[in-house]
Structure formats: C-alpha cells, structure tokens
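Chains as they are written, first to last, in my numbering: chain A, 1 to 280; chain B, 1001 to 1438; chain C, 2001 to 2283.
Cβ atoms here follow ideal geometry from the backbone N, Cα and C, with glycine treated the same way.
All values derive from a computational prediction rather than experimental measurement.
For reference, the structure discussed in these notes is given below.
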Amino acid sequence: MTALVFDRRRATRTLLWLLLGAVVVLYAFPFVYLVLTSFKLPTDVISVPPMFLPKTWTLANFHAALSAPGVPAALLHSLEAASISTVLSLLLAVPAAYGVTRYGTVPGQVFIMGALVARMVPPVAIGVPLVGIMNSVGLNDSSLGLAIAHTTISLPLSIWLMASYLDAVPVELDEAARVDGASRIGALWRVVMPVAAGGIAVTAIFAFLASWNEFLFALLLTSIHAQTMPVVIANFQTQYGLQWGTMTALATIYSVPVVLLSLFLQRRIVAGLTLGAVKG
Amino acid sequence: MEGSSESDGSKLSRGTFLKMGGAAGLALALPASAGAAVRRVAKAGAGSISVVCEAGGKAELTKIAQLFQKQTGTTVNLVELPYAGLYDRINGELSSGSLSFDVAALDVIWMPAFAGALHSVDQLFTPAVKADLFPSLVSGAQIGGKYVGMPVFTNSEILFYRKDLFGSSKEQKAFQSRYGYPLAPPKTWQQFDDVARFFSRGPKLYGTDVKGAVETEWLAHVLQAGSPGVVLDKSGKVIIDNPQHQAALAFYANLHNKYKVDPAGAPQTDWAAAQNLFQQGRTAMMRFWAHAYPLIPKNSPVYGKVGVAPMIAGKAGIAGIPGPWYLSVPEKGNNTALAMEFLKFSYDHNALAVQSSLGLAARKSAFAHYQNQPKYAHFRPLLETLSAKATVGRPANPKWQQIVDTVLVPMLQKSVTGKADYAALLKSARSDVQRLVG
Amino acid sequence: MAPAALFLAVFVAWPLVKLLLDSLYQIAPLAGTKRYVGFGNYRNALSSPEFVGSAERTAIYTGIVVSLELTLGLATALLFNTLGRRSRVLRTVFLYPLMIAPIVAGLLWRFLLIDNFGIVNELLTRVGILHTPAAISWLSDPNIVLFSVGLPDIWLTTSFMSLVLFAGLQNIPGELLEAARIDGANARQRFTWIVLPLLRPVIAVAVIVRGIDAARAFDVILIQTNGGPQQKSETLSLLIYQTMIRYGDPGLASAMSVMYLLAMLVTAAVALATIWRPGRSQA
C-alpha cells in the first residue's frame, strides 16, 4: 500500500519534471533559434521551409552587421548612455531612498508615491516635450541627454529598490557612526553603503538594462551622435530591402552579453525582481 | 568565407575591428565621464557641409561627394538615416529650427509637407536642366510655383520575371496549349493574370506576390487604367472611387482573392517581403522598383535567371509611379551658399550616381549613357515606364503620408481578405480622404 | 531626496505640464503657428474612431497579455515550488528573456511567426497541428494580430510573473499547508483555500506592474506590424507617436496623451489603494 502511494507520487513527480523540462525548452527555443539563424547563409535565413540548424555555418551575417554604417558607433553609444544613466540613477536614488527610510514618513510616502506615478507615465507622452527641453539646453542628440531621459524611467524603480534595501540596514549602524562624529552623508557613505552594496549592485543592473534596452527616447532624442543599437536594429528595414540575416546577427550581438550577464548574476537579479512585489 | 560574395564588401576590416575594440575598452575604463559624452549639435563649419539622406541616397551620393571634396576642398558629411527616421528627423528639425544638416535628401512625397521651410532652387532649373529631366521629376520639384529640390535619382516599378521558367520549352508548350498564345513576359493585365495563374503551383512556386502593406503598386495600376491622377486630381478633388480606381483595385486584389496566385500573408506583404520571396525563387514574377535588378545576391537561387521588362499596361498603356529623391536646402540653414553649390555639382555629375550600388540617376542623359551595358539591363524598361504617357507623380498634398498610412494601406489590406466589396471600400476610403484633406 | 525630486520635477513633471498646455492648442510645427482651441483637441480625439479604437485595443491587448502571463506564470511557479530546490537550474534558463530588449524580442517573434518562412508554423505543421504552414497568418490576419503581437511580451515577462509568484509561494508557511493536508484537504482545496488567498497581494502587485508596462507597449508592436494590418494592432502609444511625429499634430497628440495618462493613473490608483500600502509598512 505505502509502496503503491510512493510509486504514484514518484510517477507524478517525473511527469512534472518532464512538463517543466518541456516548458523550459519551449522558453529557450526562440533565442536559440535566433542565434543559430545568425550563423546561416543570408539566403538560407529566409529559406522555405525554414531550417533549424545552419546548413553551412558562416560569419557572413556578423561581418555584414558590424560593417554596416553606424553599428559599431551605436554599440558604443548604447554603452555610453547606459553607463551614464546607471551612475546618474544611483547618485540620485541612493540619497533619496536613504532620506525616505531615515527621515519622516509622511513626506517620504508622498515622495515614493510621486516616484511611482512617474513610473506610470507613458514615455510617448513626455518624449516630445523632452526633446524640446534637451534642445534648449543643448543636450539634443548627446549621450548625456539620452541618459537623462533614460534615468526618468529607471529612477522611480531605483528609488523603490534602494528604499527596500536600506530599510533592511539597522538604523543603529548609522547612529553609531554619527556618535563617532560622522555627518549624515558620511554615515551613509562609509557605513550604510558598504552594508547595502549587494542592493546597490542589483539596482545598478536594473538601471543599466532599462537604458540598454530602451527604444522610444532613443528614437526621439538621438540621430547622429548618440544613436543607440535598438534604434539601429529597428531601422534596418530600409526602403531598399530587409536583410533578415544581418538583423539576426545584430540582435544576437546585442543580446548575448546581457543574457550571459543574467546567467552569472541570476540570484541577485531574482532577489531584486521579487523584492518590491513580495515585500509589499 | 562564404559570405564574402555579398553585394557590398561585407568584410570587416581589421582596422575597424581594432578601433572598435579599443574604443569599447576606453569607454569601459572611463566610467561614464559625462563631460566627454556631451556633444553639441554639429554645426557645420565653413569648410564642410552635412547631408542627411537615406541608405539609398547615401550610396548614390558617395562618389559625387568625394569628387566635390577633391575639387572644392569642402568636406561633405553624408549622414545616413533610415527611411521613416529620416522623415521624422527632418520634420522635427525644420519644426524646431535647430538644424543639424545643410542639405537633406527628400522623397518626393515629403516635398509638399516641407516646402514652406525649404530654400528656393529656382536658379538651378534652367531650360537645359528641365529638358534633361523627366517631366514628372520637374513637376515634383515645384511646390506652389517654387522649385525646392534638385533630383538625384528616380525609380519606378518594372516587371521582374524568371528567364529560366519563361524560356523552358516544356512551360512554353503547356502555356500555349492552355491559353492559346505563346508564353512571354506579360504586357497587359490580362496576360499578367494568365501567366500568374499558370505558374501558381504552391507551396513551392507562385505566380506573383500581392502587396497589401504598400500602396504605390496599386496606384501604378490606377494610372494604367487611365485615371487622371491617383487619389486626388490636379485640382485636389478626391477621385479615389472613380471607375479607374475600381478597375485597378479589382485587378490588384483579384490576384489574391479570385486567382490565388500569391504566397501566404498578402495583408502584410511589403517591398522587403516581396523581394525576399522572389529572391528565394518562390514567385515567377514580381512588380518591383528597378534598382533591385543589380542587387540580386550571387547565392540566391535565382541569380542570373532574372529578366526585366517595362511595367504592364492597362487601358491607358504602360504607367508607373515615379519614385524620385531630391536634394533640398533648408531656408534657415547656416551654409546656404555652399549647399546650393553642392546641389548644382550633384546635378552636373549625376552620371556618377549610376556607378553606385543602387545604380540609378535622374538625368535622361545619364541613363542613356549606360543603358546598353548588360549590368544595366533594367534601364531600358525603367526609361520606357518613366516616359510613358500615363505616368504621373503622386499628388502634392502635405497630408499625403497620412492618407497613405491611415486610408490607402488599411483599404488595400481589407481588399485582400476574401470577399471584399471593392466599390464599397473605395467609397468609404473617399470619405476618409475627404476628412483628411478638408 | 531633494536632488531626485528636483530631477523628476524637471524631467518628468515639467514635460507633463508642457503636454497639458500643448493639448489646449492647435499647433502647426512646420508653419510655427499656435492657436488656442480650449478643449477642441479633446473633442476631436474622442470623436475620432482611431483614438477610440486604439484605446479599446490597448485595453484588450493589456488584458490578453497580463492574463496569459499570470496563468502561465502561476502554473510554472507552482511547478517550481512543487519540484523544490533541484529546479533552480531551470529557473535560471527561465530568467533570460527578461534581459532582452523589447525591440529584439519583437523582431525575433516577427521572424518566428512571419508568413512563408516562419518556423512556428513549420513546426506546428510537422507535429500535425496545422495542415499547411500557410494555415495561420499570425501577423497578417486582422482577427488575431492583436494576440500575435502580444506573444513577445508574454515570452519576455512570464518569467517575471513566475519568479515573483514563486517567491510569494516560498513565503507561505509550510505548517499551514501540512495542517490542511492532515485535515484531509486535497491539493486543489489547499490551492483554492490557502495558497490563492495568501498569494493575492503578490498577484495584485505583479499584475499592476505588468499591466502598466503592457499598456505602454510601443516598440514590440512597432517592429512587428507597425500597427497593421488595417490598424488592428495599433495601440495608443503608436497612435500618439504617429499623430505627434509623422502627421505633425502635437496638439491633438498631447490631448490623447493626457487622457491616456489619466486613464492609467485612475486604473492604477484604484488598484493601488485597495491592495498596496506604500512606504515603510513593507518592513
């Protein structure tokens, strides 16, 4: 009797494992297919019927992608804007979150609510007014201007995440530092920050990704000197044809680094993702 | 490397690669030194001008720009933007008045919208110049009595067909016995229908494609049917439901609805999709822009098997929609004199454009110079289509782009869904267009 | 707090004020003219079938995407939870689409679903679900396109749902479930009476976060269909973008944006007020 129950339970578990395996394979398939396709001959990319594995492995698409005008520059611009935006986002979010968690609750709550409302604003709504503002301060078509725009997206989330992390740092720590004669900022910098380093890293990753993957602001705010990869990828379809092979290569080049990043930093990212929602 | 047979040198030079690597390293090493990243909008100095253009325009202008630089010492920066991005960018900069370019390459359909913010180029249109340009090119440049652009190149749809299929004696016999006349590249709508049906043997081979996501091809058929204009007549009256528009729509959509000669996905088939299908050997014929002829990749299954002929003819004969691009100078530019000089220079050396990957030009004399070389086999059909009596340009209406996006394309997409009522579709399109043009 | 507040004020609040002002004018950017029209733009927007239609489509799109993500996310979260620690490697695989740019995801799915050479239909045909690869035109059939353009979003962020819900499941005390089991509750009863109610706040937060993002969908759809065919996949973000940039009517576009933003704020605020206590209460 017990053996039978045990067997049935084992069978169910095996079935569940198989089910999960199938889900994961389905989930991984699109990206695997993208990467495989980028190694096909340009004409095989659009062959009918489609093939899964490349018939002939070739780097032709990557050559075409990297020698296309604007592509190497766009990769740099993406990196530039994302780096600036990450730094900016942290510089603003860490003190703000510290303020929220250490000072009075009412302004803090109002502020957090304000930041959340800011997150709801559709980029398309503030995109065009932002273009005007950037124009008037001379930041149109610059990585700094774009980074500022991207920070409007990542800042609310960064503040929210940092507030959650700093909340977990005991107030006694910075009080001890203040007794030793440190200023508020000094306490934050020397005592609280090192404790919350993990949280800062997660926040940085999210801020970086928000900018790295953003499209609309990049489309509106940049043209020549700061155009990022998402725009270049989107615009690869010209009036004179659509090179699927080159596009898959571009997409691969742009995604593989962040996918690898996600695999290395898996645990931290999961922690950051679930923090806000689960604790709320 | 297998891929090195691609049309333009797809090899990544070692130098570029090293530069890229170095630059990437640098950017990482200097963690976002914000100051360095701030770049003011490039104001072109006295010794240089910048030209915004689309990928095709860049190819066309590169040689001309190099020669200009050599002869005058003025640097020409060709800034390439994608088609939609180019329109949005020029629109934005002309609106805000903060200009990053001295010369812009414009699609003819954008000219009416931008004309008010463009510098007059009347002085360049001498009688000799006008005589060497196709009439539709001259009229496209003139908005409200003022010339606002100098043509760089023009294009039109022509007929592409598979020489190997049309030349096969087995196919010829079969066609003759079924339709009672010899198999040849079709010249009329009727012949086009016949041949398309004849070659439809899905899923491996179809007669042709039906493009639901672009409007120009249907408009060419409208002209072939003898309509005095497309969508609007010369006085701006909406004529989209006249009998010629109806005939053209029936011809266009019946290929899909009645004869089913096209591969799946007509509603979202655009230029790129049609071109891919033809280059994969999936369609026996394709109505397409002439420039595609030299662009068929060497590793395509149809390489060397493609023939070209003029666009097909309706009741009013052959007709195509001209697709010219112009160079224009903004009214509030910083370098107007130099920019105008470049416009004149590009006209004088227009023949150089033919040697580009796009291989098109604007001047009749430039086309004539090359038309007998086999590489330029598409020139004769192109010239014949462009010089046809029924060929006229699209209406000069500032709302044209909006008419296309919100009325024409959705209407065509509806027309290729099974049992469409063509007359009713055109009638409702009429009221939509009316609403837009006021 | 002050620098961040100032930053948000300058780069979010100020553009919003400008938007509000612009929405009261009829603006012709190329001609450089500006004319006060009061609520004229709002009236025009509300009476235009494009605006009403795309508002509806935005709501439907958001509904489809979020409910599918929730269902799939909950199912996989339960799987992960049942299978325990050893499923961690698979959770890692599940995570990766979150990192991919929406534009890339849209492009990729367009390629997977494309007519004639898309691999999805080919595979469905091989396993016998479809008779021929041409049987479904995912992105060119106006009746299903709104669903098809949501696939990349579902693929991208089901893992978010899944991971959030998984974390929520882990927080449910094991003793509670054990006690219920001893009391004779079967798996389904335990799920309905214990797991779901305890998970409710987490679900609510996840749905709001995802709902806000889905309602703003722009790049994913733009690259797949550009709103077509027959504008059947045109959502508000796309319509506003086109009205603003391509058709050069910033006044009308601003009025649309204002209404869009208000609708989102109201929806989110109602949801927030009922289930989410912001600020320190989370500790």
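If you draw a straight line from the C-alpha of residue i to the C-alpha of residue j, how long is it?
{"i": "C/I2015", "j": "A/Q243", "result": "Checking the displayed sequence, the identity of residue 2015 of chain C turns out to be Pro instead of Ile. Taking the straight line joining both Cα atoms gives about 38 Å."}
{"i": "B/L1028", "j": "A/E80", "result": "Unreliable placement is indicated for B/L1028, whose pLDDT of 35 sits below 50; the coordinate value is still reported in the next sentence. If I take the Cα positions, the gap works out to 9 Å."}
{"i": "A/V192", "j": "A/L90", "result": "14 Å"}
{"i": "C/T2235", "j": "B/T1216", "result": "26 Å"}
{"i": "A/P170", "j": "C/L2006", "result": "28 Å"}
{"i": "B/L1386", "j": "B/G1056", "result": "19 Å"}
{"i": "A/W212", "j": "B/L1426", "result": "45 Å"}
{"i": "B/Q1434", "j": "B/V1231", "result": "10 Å"}
{"i": "C/P2003", "j": "C/S2048", "result": "42 Å"}
{"i": "B/F1251", "j": "B/W1189", "result": "8 Å"}
{"i": "C/L2112", "j": "C/T2033", "result": "46 Å"}
{"i": "C/R2086", "j": "A/R10", "result": "15 Å"}
{"i": "B/F1288", "j": "B/G1149", "result": "25 Å"}
{"i": "A/V131", "j": "C/L2239", "result": "19 Å"}
{"i": "B/A1253", "j": "C/I2223", "result": "26 Å"}
{"i": "B/L1360", "j": "B/P1381", "result": "13 Å"}
{"i": "C/N2116", "j": "A/P30", "result": "18 Å"}
{"i": "A/L34", "j": "C/T2132", "result": "23 Å"}
{"i": "C/A2075", "j": "B/V1108", "result": "54 Å"}
Mark residue i as exposed unless 16 or more other C-beta atoms lie within 10 angstroms of its C-beta, in which case mark it buried.
{"i": "C/Q2170", "result": "exposed"}
{"i": "B/F1367", "result": "buried"}
{"i": "A/H225", "result": "buried"}
{"i": "A/P95", "result": "buried"}
{"i": "C/F2094", "result": "buried"}
{"i": "C/Y2260", "result": "buried"}
{"i": "C/F2039", "result": "exposed"}
{"i": "C/T2192", "result": "exposed"}
{"i": "C/M2264", "result": "buried"}
{"i": "C/S2233", "result": "buried"}
{"i": "C/P2152", "result": "buried"}
{"i": "A/F264", "result": "exposed"}
Kindly say whether residue i, judged by its beta-carbon, lies nearer than 8 Å to any beta-carbon of chain C.
{"i": "A/I185", "result": "no"}
{"i": "A/L209", "result": "yes"}
{"i": "B/G1212", "result": "yes"}
{"i": "A/V48", "result": "yes"}
{"i": "B/K1414", "result": "yes"}
{"i": "A/R119", "result": "yes"}
{"i": "A/A28", "result": "yes"}
Counting only C-beta atoms, is residue i closer than 8 Å to chain A at any point?
{"i": "B/P973", "result": "No information on residue 973 of chain B is available, as it lies outside the stretch 1001 to 1438 that chain B covers here."}
{"i": "C/V2127", "result": "no"}
{"i": "C/G2118", "result": "yes"}
{"i": "B/A1272", "result": "yes"}
{"i": "B/G1333", "result": "no"}
Using beta carbons (cut-off 8 Å, strictly below), is residue i in contact with chain B?
{"i": "C/I2240", "result": "no"}
{"i": "A/S223", "result": "yes"}
{"i": "A/N235", "result": "yes"}
{"i": "A/L36", "result": "no"}
{"i": "C/Y2247", "result": "yes"}
What residues of chain A sit near residue i, judged by a beta carbon separation below 8 Å?
{"i": "B/E1080", "result": "P69, G70"}
Give me the chain A residues within the contact set of residue i, using Cβ-Cβ distance strictly less than 9 Å, ordered along the chain.
{"i": "B/P1297", "result": "P42, T43"}
At 7 Å on the CB atoms, spell out the chain A contacts of residue i, in chain order.
{"i": "C/S2237", "result": "P122, V124"}
Find the residues of chain C that neighbour residue i, judging by a C-beta separation of less than 7 Å, and give them in chain order.
{"i": "A/L16", "result": "L2079, T2082, L2083"}
So with CB distances below 8 Å, who are the chain B contacts of residue i?
{"i": "C/Q2230", "result": "P1267, P1410, Q1413, K1414"}
Give the residues of chain C in contact with residue i, contact being defined as C-beta atoms less than 8 Å apart.
{"i": "A/L155", "result": "A2004, F2007, L2008"}
**Request:** Give the residues from the region 121–153 of chain A that approach chain C closer than 9 Å (Cβ to any Cβ), ordered along the chain.
**Result:** V121, P122, P123, V124, A125, I126, G127, V128, P129, L130, G132, I133, I148, A149, T151, T152
**Prompt:** Going along the region 251–272 of chain A in order, which residues come within less than 8 Å of chain B, judged by CB to CB distance?
**Reply:** Residues passing the 8 Å Cβ filter: none.
**Asked** Mind listing which residues of the region 2047–2063 of chain C have their C-beta closer than 8 Å to chain B's C-betas, in chain order?
**Response** Answer in chain order: E2050.
**Asked** Got a sec: which bits of the region 1102–1127 of chain B sit with their beta carbon under 8 Å from any beta carbon on chain C, in order along the chain?
**Response** A1113, F1114, G1116, A1117
**Request:** Identify each residue in the region 2096–2123 of chain C for which the Cβ-Cβ distance to at least one residue of chain B is less than 7 Å, and report them in chain order.
**Result:** Answer in chain order: D2115, N2116.
**Item:** Members of the region 2077–2097 of chain C near chain A, C-beta cut-off 8 Å
**Value:** Those residues of the region 2077–2097 of chain C that come within reach of chain A (Cβ to Cβ, closer than 8 Å) are L2079, F2080, T2082, L2083, S2087, L2090, R2091, T2092, V2093, F2094, L2095, Y2096, P2097.
**Asked** Which residues, in chain order, does the region 1065–1091 of chain B contribute to contact with chain C at a C-beta distance below 9 Å?
**Response** A1084, Y1087, D1088, N1091
**Message:** Short of 8 Å Cβ to Cβ, which residues in the region 1274–1287 of chain B face chain A?
**Reply:** Q1275, N1276, Q1279, Q1280, R1282
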